[in-house]
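Data block below; observations after.
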Amino acid sequence: MNSFNTIWANGRGNLATWLLWGLAAVFVVYTFASGGYLIAVLQFALIYTVLVTGLNIFMGFTGQVSFGHNAFAAIGGYSSAVLTATYGWEPLPAGLVGLAGALLCALVIGYPVLRLRGHYLAMATLAIGLIVYEVAVQWQSVTQGYMGISGIAPIGIGRFTITSDRGLLVFLMIAAALALLSAAGIRRSRLGRAFVAAAGSEDAARALGIDVARYKLIAFMISAAYAAIAGSLFAHAVGFVSPEVFGLPMVVMSFTMLYVGGIGTIAGPALGAIIISVLPESFRTFKDYQDLAYGAALIVILIYAPRGLASLPELWARWRRRSA
Amino acid sequence: MSLLRLDGITRRFGGLVALDNVSLEIPGQGLSAVIGPNGAGKTTLFNMISGFRPPSEGRVHFDGADITGQPPETIARRGLIRTFQLVQLFEDLTVLENVKIGCHLHTRGGLLAALVPTRAARAEEAAVEAEAWRLLTETGLTAHAHSFAAVLPYGQKRLLEITRALAAKPKLLLLDEPAAGLNRQETDALAALLRRIVESGTAILLIEHDMNLVMNVAEEIAVLDFGRLIARGKPDEIRRNPDVIAAYLGTEEAAHV
Ligand SMILES: Nc1ncnc2c1ncn2[C@@H]1O[C@H](COP(=O)(O)OP(=O)(O)OP(=O)(O)O)[C@@H](O)[C@H]1O
Ligand SMILES: [Mg+2]
Chain A
6 MNSFNTIWAN GRGNLATWLL WGLAAVFVVY TFASGGYLIA VLQFALIYTV LVTGLNIFMG
66 FTGQVSFGHN AFAAIGGYSS AVLTATYGWE PLPAGLVGLA GALLCALVIG YPVLRLRGHY
126 LAMATLAIGL IVYEVAVQWQ SVTQGYMGIS GIAPIGIGRF TITSDRGLLV FLMIAAALAL
186 LSAAGIRRSR LGRAFVAAAG SEDAARALGI DVARYKLIAF MISAAYAAIA GSLFAHAVGF
246 VSPEVFGLPM VVMSFTMLYV GGIGTIAGPA LGAIIISVLP ESFRTFKDYQ DLAYGAALIV
306 ILIYAPRGLA SLPELWARWR RRSA
Chain B
4 MSLLRLDGIT RRFGGLVALD NVSLEIPGQG LSAVIGPNGA GKTTLFNMIS GFRPPSEGRV
64 HFDGADITGQ PPETIARRGL IRTFQLVQLF EDLTVLENVK IGCHLHTRGG LLAALVPTRA
124 ARAEEAAVEA EAWRLLTETG LTAHAHSFAA VLPYGQKRLL EITRALAAKP KLLLLDEPAA
184 GLNRQETDAL AALLRRIVES GTAILLIEHD MNLVMNVAEE IAVLDFGRLI ARGKPDEIRR
244 NPDVIAAYLG TEEAAHV
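Structural data, given as structure tokens:
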């Protein structure tokens, strides 16, 4: 699960690698040129790339489970929405407040919860997501309940705001790239090694002096930070937040992206986010059978690339070795 | 002065007394061994020392400090590193990366070093890489450096666990049956490695069933039987000790004593 046979690690020169990146590049260029609805789809995928990259640090690298990262996205998204739309703040300080809030929340919740194991941890994180959802619904004076907050200003600094769709797309591409690069940096570092050690064998890690409880908490907080940033990006990109936006479907979506893309890999979150965002669109022609075709495609992917699309280069290499 | 001192360690599991008032001193150099029939309490003793389980009674002192009840990672930081009877590797990672993880205690980098490749951060990574390769050369695992730990043959998994432990630069290395499942040649190579480790100044405390190996490399032997320490001494004394012979009578190892 923690194979770091990622596309970047040692997949260089591998045909499948180039094919995957080639397809991604063609898609991005095509979207960029054609504009329209596809741009929105890609923007959505890039925001999810940030979210899933963070989730991957906690689940893929560190081997833990969280069903509650939508809570941190909500904290980021609502901070940005309320502070900019209601109080007229600049997007950057508003986003930073959301980030700080998510970190604090992750610290306070993670400290006791991360002592739990397996499904207890999963249930506790699920509860976090539900609680934040309830708060967003009930705290009407600030969040406007189910109605949500609309009219959130586009992203920008001072007089420079990004108003065009293509401009926003470029901005989100940079954000997603930074997310992937930072995850790659973490994975290659002493910090990342402590994460994967905790995932591999807690006993062995502790016997080597790694404070597993502490590193789980750090991974939780780092992943919460990615989620908060994704939430803020969403608020500004779409211009609207509501409790539903950060509800359970967000959890299901990010899990699907993580597993389809390749949990524990570097490029997996990006591949998963793009494929899962585009897939329903490409099945539009099937009309009534859209959901069925979508489900079938997911099953095929998970059967033939059980460790996700990012493991395709590896599978390809093995297949070639066998047939050589 | 001894490096490790156990004062009256008792450990109960429900009604079972796995360790019964064991007192023992281990010097800061050389190779000591703990032997005893199956279920004698050897692994339990290691768990008491390394902090994986607290003793029911008694104290553990290491390097001048009382470490009783401290968590494993704190004890490891003091320079006491153990391996496991059932090998515990990071199976999904490469051999090289397993050893790099062993360097954790002697490096500093955190999130900042991970995100910003400053000169200091890169220098530390380069040092870790070099140290890992040096250790793999030392234990003869360089050819497998880029293999996943999961695919190593059994003997090499054991060797990798020791290599990784060495990366933590222990003052005292606890090895729980490192020769279990090794063939004759591998056991000889292990004996040579253990001698080199001891020569380099790291003390070793060994649990082992392979009497040949123990008699070969150990300077001091402690014998456990049903949780009690029944003998201590040099290999020759242990070999002739009537209590030890009685304890092993009828057991698989009897033939080798
Ligand atoms: N967690 C535990 N719970 C209950 N009993 C335990 C536990 N751990 C060990 N024991 C018991 O304590 C006794 C000593 O076990 P221990 O594993 O220390 O023996 P050992 O000398 O290492 O044996 P072996 O040579 O088979 O590894 C055994 O009777 C064992 O069943
Ligand atoms: Mg044992």
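First to last, the protein sequences are chains A and B.
Counting in this note's numbering, the first sequence runs without a single skipped number right up to 329 at its last residue.
Counting in this note's numbering, the second sequence runs without a single skipped number right up to 260 at its last residue.
For glycine and all other residues, C-beta sits at the position ideal for the given N, C-alpha and C.
{"Check": "What does DSSP give as the partner residues of residue 161 (chain A) in its beta bridges?", "Outcome": "A:166"}
{"Check": "For the beta strand (DSSP E) containing residue 233 (chain B), list its first residue and its last residue.", "Outcome": "231 to 236"}
{"Check": "Can you find at least 3 beta carbon pairs, one from the segment 110 to 117 of chain A and one from the segment 261 to 273 of chain A, that sit closer than 8 Å?", "Outcome": "no"}
{"Check": "Considering only their Cβ atoms, is the gap separating residue 44 (chain A) from residue 177 (chain A) smaller than 8 Å?", "Outcome": "no"}
{"Check": "Output the boundary residues of the alpha helix (DSSP H) element that contains residue 200 (chain A).", "Outcome": "195 to 205"}
{"Check": "Assuming contact is defined by CB atoms lying nearer than 8 Å, are residue 210 (chain A) and residue 203 (chain A) in contact in what I supplied?", "Outcome": "yes"}
{"Check": "What does the Cβ neighbour count give for residue 263 (chain B), buried or exposed, with the cut at 16 atoms within 10 Å?", "Outcome": "With chain B represented from 4 up to 260, any question about residue 263 (chain B) goes unanswered, as that position is not in the structure."}
{"Check": "If I follow the unbroken alpha helix (DSSP H) through residue 76 (chain B), where does it start and stop?", "Outcome": "75 to 80"}
{"Check": "Which complete alpha helix (DSSP H) runs does the segment 178 to 238 of chain B hold, if anything under 4 residues is left out?", "Outcome": "187 to 202, 214 to 220"}
{"Check": "Would you say the beta carbon of residue 179 (chain B) is closer than 7 Å to some non-hydrogen atom of ligand 2?", "Outcome": "yes"}
{"Check": "Identify, in the order they occur along the chain, each residue of the same chain with its Cβ nearer than 8 Å to the Cβ of residue 258 (chain A), setting aside the five sequence neighbours on each side.", "Outcome": "53, 281"}
{"Check": "Under the assumption that residue 201 (chain B) contacts residue 210 (chain B) (Cβ atoms under 8 Å), give the Cβ distance between them as a whole number of angstroms.", "Outcome": "Incorrect: roughly 16 Å between the Cβ atoms, too far for contact."}
{"Check": "Should residue 145 (chain A) be listed as close to ligand 1, given that the test is whether its C-beta is under 7 Å from any heavy atom?", "Outcome": "no"}
{"Check": "When you compare the CB of residue 191 (chain A) with every CB in chain B, is at least one pair closer than 8 Å?", "Outcome": "yes"}
{"Check": "Got a sec, what are the start and stop residues for the alpha helix (DSSP H) residue 259 (chain A) sits in?", "Outcome": "253 to 266"}
{"Check": "Please classify residue 250 (chain B): is it buried, with 16 or more other beta-carbons within 10 angstroms of its beta-carbon, or exposed?", "Outcome": "buried"}
{"Check": "Is any non-hydrogen atom of ligand 2 found closer than 7 Å to the C-beta of residue 172 (chain B), if you look at the structure I gave you?", "Outcome": "no"}
{"Check": "When you measure from the CB of residue 46 (chain B) to every non-hydrogen atom of ligand 3, does any distance come out below 7 Å?", "Outcome": "Questions concerning ligand 3 fall outside what the structure shown contains, since the ligands it does hold are ligand 1 and ligand 2."}
{"Check": "Does residue 52 (chain B) get closer than 8 Å to chain A when you measure Cβ to Cβ?", "Outcome": "no"}
{"Check": "Could you tell me if residue 57 (chain A) is buried or exposed, where buried requires 16 or more neighbouring beta carbons within 10 angstroms of its beta carbon?", "Outcome": "buried"}
{"Check": "Nearest-angstrom Cα distance between residue 178 (chain B) and residue 87 (chain B)?", "Outcome": "7 Å"}
{"Check": "Check each candidate in A:242, A:270, A:253 and name the one with the smallest Cα separation from residue 50 (chain A).", "Outcome": "A:242"}
{"Check": "What's the C-alpha gap between residue 95 (chain A) and residue 191 (chain A)?", "Outcome": "30 Å"}
{"Check": "If contact means a Cβ-Cβ distance below 8 Å, which residues of the segment 34 to 55 of chain A contact chain B?", "Outcome": "none"}
{"Check": "Step through the CB atoms of chain A and report whether any lies within less than 8 Å of the CB of residue 95 (chain B).", "Outcome": "yes"}
{"Check": "Report the CB separation of residue 94 (chain B) from residue 152 (chain B) in whole angstroms; it is logged as a contact under 8 Å.", "Outcome": "5 Å"}
{"Check": "Return the chain-ordered list of same chain residues with a C-beta closer than 7 Å to the C-beta of residue 29 (chain A), the five sequence neighbours on each side being excluded.", "Outcome": "279"}
{"Check": "Compute the Euclidean distance between the alpha carbons of residue 99 (chain A) and residue 250 (chain A), then round it to the nearest angstrom.", "Outcome": "19 Å"}
{"Check": "From what residue to what residue does the alpha helix (DSSP H) around residue 77 (chain A) run?", "Outcome": "74 to 86"}
{"Check": "Since residue 197 (chain A) meets chain B, which of its residues come closer than 7 Å, beta carbon to beta carbon?", "Outcome": "117"}
{"Check": "So what does DSSP say about residue 10 (chain B), is it helix, strand or coil?", "Outcome": "strand"}
{"Check": "Taking a contact to mean a Cβ-Cβ separation below 8 Å, would you say residue 141 (chain A) touches residue 231 (chain A) in this structure?", "Outcome": "no"}
{"Check": "By the 10 Å Cβ neighbour count, where 16 or more other Cβ atoms means buried, how is residue 26 (chain B) classified, buried or exposed?", "Outcome": "exposed"}
{"Check": "From the DSSP output, which residues share a beta bridge with residue 62 (chain B)?", "Outcome": "B:10"}
{"Check": "Should residue 88 (chain B) be listed as close to ligand 2, given that the test is whether its C-beta is under 7 Å from any heavy atom?", "Outcome": "yes"}
{"Check": "Is any heavy atom of ligand 1 found at a distance shorter than 7 Å from the C-beta of residue 16 (chain B)?", "Outcome": "yes"}
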